[in-house]
Each structure stands twice: as structure tokens, then as C-alpha cells.
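Asker: Residue numbers (the numbering used here): 43 to 535.
Heads up, the beta-carbon is just placed ideally off N, CA and C, and yes, glycines get one too.
Note that this is a predicted model, so its numbers are computed, not measured.
One structure is given below, represented as C-alpha cells, and several questions about it will come after.
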RNA sequence: GCCCCCAUCGUCUAGCGGCCCAGGACGGAGCCCUCUCAAGGCUCAAACAGGGGUUCGAGUCCCCUUGGGGGCACCA
């Protein structure tokens with residue numbers, strides 16, 4: 043691919059939550075900018091006041107920050123082409139809209155929503171493609187001008203060519219051709235004076251000197267409109283790329299609200315801020331989404347920096363990708379394992395806190411290496427290590443009985459172990475294991491049987507981090523006390 | 001209904017005419033390691049949607065069919 047520095051923008055509208063699709067678009071934009079040493083811009087497309095959602099912009103920004111996708115220019119950081127919120131750029135769109143009308147490429151339309159709706163219904167009844175019937179396109183420009191000046195309510199429509207074809211090139215898909223006769227005269231300025239996406243995005247991309255437009259494939263159908271606007275104004279054309287959508291895990295269509303809720307109940311989500319709360323880390327999420335639409339032959343575990351090194355827009359995939367949460371889990375676990383203890387431990391803390399545990403850093407730092415390779419998500423630290431921060435544990439009596447043995451036998455074994463351990467000045471991994479192994483040998487049992495009793499006695503659970511390391515962290519007095527409690531429990535069975 | 005896009009293992013993908021009786025990853029199965037659970041190592045099963053062309057040669061190029069997806073708003 044060409045490595046000349048580019049200017050790319052991520053241009054979401056603050057109308058909802060930030061989902062995986064947006065995150066991937068932002069990621070690809072970011073990767074391309076960094077790869078070429080260019081700039082990555084965040085632009086807020088907030089011209090739809092009806093669907094505007096308070097706080098959505100902040101969630102977007104938080105999401106990008108959390109993922110580590112940093113932008114060079116944006117509403118909160120400024121930049122040479124500020125402002126970066128479209129509602130603050132209204133005069134600019136007005137100017138270019140006027141220019142379009144002056145050049146005969148656009149016209150005022152006085153049709154009411156009511157009339158438009160009737161036309162649409164009529165067309166549908168006749169099995170025709172619903173589109174504007176061009177009534178106001180015939181209007182004499184001077185007459186139209188007079189009505190506008192008189193304050194008559196109107197919109198501005200772009201005058202699409204009616205003959206021939208429109209051709210445009212998508213970098214991933216090649217040349218695409220449309221019959222102009224199929225195209226519609228889209229509204230570019232609404233009656234509230236604000237532009238629609240079509241005018242606003244094209245204008246800003248021009249004004250902000252955007253060289254590469256990476257956006258969702260939902261824009262493919264309005265692609266010919268956009269290139270016609272640009273060409274009518276004589277603006278340079280960017281490199282276009284329309285990324286495909288993400289499909290639900292079954293591969294059939296997009297995720298519905300209901301399915302989103304089901305995924306959440308399962309510990310998964312398509313929303314970035316949810317993922318953070320569910321215990322996913324940015325590196326895992328990033329590695330997961332970057333591979334949905336971009337393939338690497340081998341070594342698919344990558345950090346953000348490694349992605350930058352390898353990213354190549356010539357090798358993006360155009361086909362829709364089904365979401366696979368199992369793969370997210372895999373990448374998340376893999377990247378957690380890549381974290382060193384001083385980095386991982388603080389990430390775990392809020393999850394312990396959320397469960398009501400008070401954790402001291404000293405213990406946490408010792409516990410972290412023991413559970414690191416067992417974590418798929420950060421919140422897995424609770425079942426594995428929550429018990430470390432409890433004053434006492436309450437084992438299920440039945441779990442204390444070793445496989446193939448009676449409660450009495452188990453109690454006797456626990457007693458022997460207790461004697462051995464109490465004879466040690468301190469219970470460390472190095473000092474405790476040999477004599478207990480010897481005990482296993484002497485009794486002619488499996489390590490599993492003996493260590494299993496102790497595991498349940500000390501940790502209160504059947505699954506835990508390694509026994510000896512765990513006992514060392516818990517400390518001699520507590521270990522011995524818990525074994526004695528377990529013996530008493532076994533004796534009452 | 002109309003327009004446009006897409007099509008390799010269940011899933012994400014490598015492949016850009018011969019290196020492919022198709023490679024990697026997830027998931028699945030088995031084995032090894034092992035104090036539980038993991039992690040790790042090894043092995044196995046698993047795909048070029050179908051049909052026509054072009055070519056000495058096609059997963060790779062073209063066409064059709066089928067299937068899937070997106071769009072058809074004074075939303076983005």
C-alpha cells in the first residue's frame with residue numbers, strides 16, 4: 043500500500059452507544075493514520091437533532107480512550123480545522139449549498155412531508171421504487187428564489203443526473219456503477235437549516251483535507267450521491283473504503299435488541315463500555331475486532347503497536363463477518379497472560395471491590411501471578427481468588443471427603459497433614475510440599491486425594507490456584523486453623 | 001419490488017493463475033503434562049456454494065444460478 047501520510051476521520055453521530063462496528067471503523071482509521079504517519083480525526087456528526095442522545099459523545103470519547111485509539115484532532119482536543127462538531131459548522135454547509143444552487147446542481151424544494159408520504163405510498167402501490175418525483179426540480183429558478191426569499195418553508199435537494207451512469211471506485215471492492223436513472227434527488231439541507239449527512243460529511247471531508255474515507259457499508263447505497271456532490275463542486279476525491287457490517291453469531295443478520303440482552307446475560311456485549319465492565323481488556327478487544335475484516339497469515343496475537351506495523355488497507359475483506367464471542371474470550375485471556383504483575387494487579391482491584399472485598403496490595407501482588415493464566419476476563423479473579431480476602435472459609439463438608447475414602451479416613455489424613463505442617467516454622471511452598479508428598483507416598487494414595495482434602499479445607503472450594511503457593515500466601519496460622527476446622531467438620535459426618 | 005455489495009473449514013481468515021490433494025486462528029475431539037482449574041505441548045476431524053466459460057493450467061479471471069448482507073427518510 044501507499045505509505046504517504048494520510049488524513050482519516052472517524053465520524054460517528056451521537057445517537058446511541060458505541061458498538062463493535064464503530065470501534066472497528068475507528069481502529070482501522072487509526073491504524074491507517076499511524077501506519078502512514080498521518081492524522082486521525084474525530085468528528086461528531088450531530089446534525090440530527092431528533093435522534094441526538096445526551097452523553098453519547100462522551101461515551102464515544104471514553105470508549106476510544108479506553109481502547110487506546112487516540113485522535114490527533116477532535117471536539118475536545120481541538121485542531122487546525124476546528125470546530126469538529128457539525129452543528130457548530132452550519133455556515134460552512136450553507137455556503138456550499140448556495141454554491142451548489144448557484145451552479146444549478148441543487149434546488150429548493152417546497153414539497154411538504156405530507157405530499158412526499160403520499161407520493162411514496164402511491165409508488166409502492168404501483169410496485170415502483172419509492173423516490174422523489176422531481177416536482178420542484180421543474181420550478182423556474184427565479185420563481186423558486188422568490189418563494190425562498192419570501193420565507194416559504196423549504197429544503198434543498200441535490201440535482202442528480204438523470205441519464206448515463208455514475209462510476210466510483212471503492213478501494214476494497216473496485217469500480218461500482220449505477221444507472222443514474224435509478225438515483226434520487228436527495229435532501230442536502232433540511233427545513234431546519236441543518237445539512238443532512240450527505241452534504242455535511244462531504245463538505246467536512248473537503249474542508250478538513252481528508253484523504254481516505256473509511257466508513258460502514260451502509261453508505262454504499264448513497265455513495266453515488268456523495269461522489270456526484272464532490273464532482274459538482276470540483277473537489278478532490280478521497281480514497282473510499284466501505285467496511286462490511288458485523289453479523290450476529292449465527293451469521294444471519296444484525297443483532298437485535300433482544301439478542302443483545304441475551305449476550306449480556308452470557309457475559310458478552312457488542313457495546314464497548316459494557317465490555318470494559320465485563321472484564322475485557324482493550325488489547326483483547328482490539329485484537330479480536332481487528333481480525334474481523336482483516337486477515338493475517340500467521341501470528342495473529344498482536345498489540346496495538348504491532349497492528350500499526352502490519353496494517354495494510356490493500357488486504358481488507360469486503361464480506362460481512364459474524365461475531366464470535368468465543369474468540370473474544372480467547373484473545374482476552376491471551377492478552378491478560380501477556381500482562382506483568384504490576385500491570386495486572388491494579389486492573390483486578392476494581393473487580394474485587396465491586397464484590398465487596400477489601401484487598402491489600404501486598405496480598406494482591408502475591409495472588410496475581412497465581413491466577414493470571416486462569417483468567418479469561420478480569421472478573422474471573424473473584425471465583426479463583428476472592429477467598430484469599432476472606433477471614434474464614436466455609437467448605438462444603440461433602441467436598442472434604444477424598445474420592446474413594448470415607449469421612450473418617452479423610453479426617454485422619456487431614457490430621458497427619460496438620461501435624462506435618464504444624465511442625466514447620468513457616469508454611470512455604472518449598473518446605474511444605476516434600477513432606478506432604480512423602481505422606482501421599484506413605485499412605486499409598488493419589489496426590490489428588492490428599493491435596494484435595496487440604497485444598498477444600500484451606501480455600502473452601504474445589505477449584506483453586508495451586509495449593510502450596512496458596513497456603514504460603516494465606517499463612518501458617520490460618521492454614522492450620524482451617525485444617526482443624528475441616529477435621530471437626532469431617533468428624534461430625 | 002428496485003438498487004448495490006458479498007461468497008474458502010461451524011466461525012474469523014491466508015490465498016491476489018502453477019508454490020494449495022488449500023495454510024493459520026477460534027471452537028470441537030484425542031493424547032501428554034499435572035495437587036483441582038487453567039496454561040502449555042503434540043495429534044486428528046473440518047472448506048474452495050452450484051453450473052457454465054477463458055486458459056496448457058482456476059480457490060484465484062468472466063458469466064449465470066443460488067445463498068447471504070446492506071440500502072430505498074427533512075436518520076446517520
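1. In terms of alpha-carbon separation, which member of 377, 474, 283 lies closest to residue 51?
2. Is the beta carbon of residue 353 less than 7 Å from the beta carbon of residue 73?
3. Just checking my contact of residue 431 with residue 385 at CB under 8 Å: how many whole Å lie between their CB atoms?
4. Using three-state DSSP, classify residue 71 as helix, strand or coil.
5. When the Cα of residue 289 is compared with those of 363, 277, 237, 330, which residue comes out closest?
6. If you run the structure through DSSP and keep just helix, strand and coil, what is residue 255?
7. By the three-class DSSP mapping on this structure, what secondary structure does residue 221 have?
8. Given a cut-off of 7 Å, decide if residue 88 and residue 131 are closer than it, judged by their beta-carbon atoms.
9. So which of 106, 63, 93, 491 has the shortest CA-CA distance to residue 84?
10. Measure the Cβ-Cβ separation of residue 359 and residue 335 and say whether it is below 7 Å.
11. Going along the chain, which unbroken runs of the alpha helix (DSSP H) with 4 or more residues stay wholly within the segment 315-400?
12. Given a cut-off of 7 Å, decide if residue 437 and residue 443 are closer than it, judged by their beta-carbon atoms.
13. For residue 433 and residue 82, I'd like the C-alpha separation in whole angstroms.
14. For residue 94, which of helix, strand or coil comes out of DSSP?
15. Whose C-beta lies closer than 8 Å to the C-beta of residue 414 among residues of the same chain, with five residues either side of it excluded?
16. Taking buried to mean at least 16 other C-beta atoms within 10 Å of its own C-beta, is residue 191 buried or exposed?
17. Apart from the five residues on each side of it in sequence, which residues of its chain come closer than 6 Å, Cβ to Cβ, to residue 253?
18. Can you tell which of 172, 236, 143 has its C-alpha closest to the C-alpha of residue 92?
19. Could you spell out where the beta strand (DSSP E) holding residue 81 opens and where it closes?
20. Tell me whether residue 150 sits in a helix, a strand or coil according to DSSP, three-state version.
21. Go ahead and pull the three-state DSSP assignment for residue 282.
22. From 169, 165, 203, pick the residue whose C-alpha is nearest to that of residue 179; which is it?
23. Quick one: using the 10 Å Cβ neighbour count with 16 as the cut-off for buried, is residue 308 buried or exposed?
24. Quick one: residues in its chain with C-beta nearer than 6 Å to the C-beta of residue 137, no 5 flanking neighbours on either side, listed in chain order?
25. Just reading off the alpha helix (DSSP H) that residue 212 is part of, what are its end residues?
26. Look up residue 188 in the DSSP assignment and say whether it is helix, strand or coil.
27. Report buried or exposed for residue 118, applying the criterion of at least 16 other Cβ atoms within 10 angstroms of its Cβ.
28. Express the C-alpha separation of residue 245 and residue 278 in angstroms, rounding to a whole number.
29. Nearest CA to the CA of residue 152: which residue from 109, 197, 428?
30. Using three-state DSSP, classify residue 519 as helix, strand or coil.
31. Taking all protein chains shown into account, do 16 or more other C-beta atoms lie within 10 angstroms of the C-beta of residue 500, making it buried, or fewer, making it exposed?
32. Residue 479 lies in the beta strand (DSSP E); which residues open and close that run?
33. According to the neighbour-count rule (16 or more other Cβ atoms, all chains shown, within 10 Å of its Cβ), is residue 502 buried or exposed?
34. Under 6 Å Cβ to Cβ from residue 161, same chain only, skipping five residues before and after it: list those, please.
35. I need the straight-line Cα distance from residue 482 to residue 488, nearest angstrom please.
36. Quick one: what's got a C-beta closer than 7 Å to residue 232's C-beta in the same chain, skipping five residues either side?
Answerer: Working from what's here:
1. 283
2. yes
3. Rounded, the Cβ-Cβ distance is 20 Å, inconsistent with contact.
4. helix
5. 363
6. strand
7. strand
8. no
9. 106
10. yes
11. 324-332, 346-352, 367-379, 383-396
12. no
13. 51 Å
14. coil
15. 378, 379, 381, 383, 386
16. exposed
17. 48, 49, 280
18. 236
19. 81-84
20. strand
21. strand
22. 203
23. exposed
24. none
25. Not the alpha helix (DSSP H): residue 212 falls in the beta strand (DSSP E), residues 207-212.
26. helix
27. exposed
28. 11 Å
29. 197
30. helix
31. buried
32. Note, residue 479: premise wrong, no beta strand (DSSP E); alpha helix (DSSP H) at 471-485.
33. buried
34. 175
35. 7 Å
36. 197, 238
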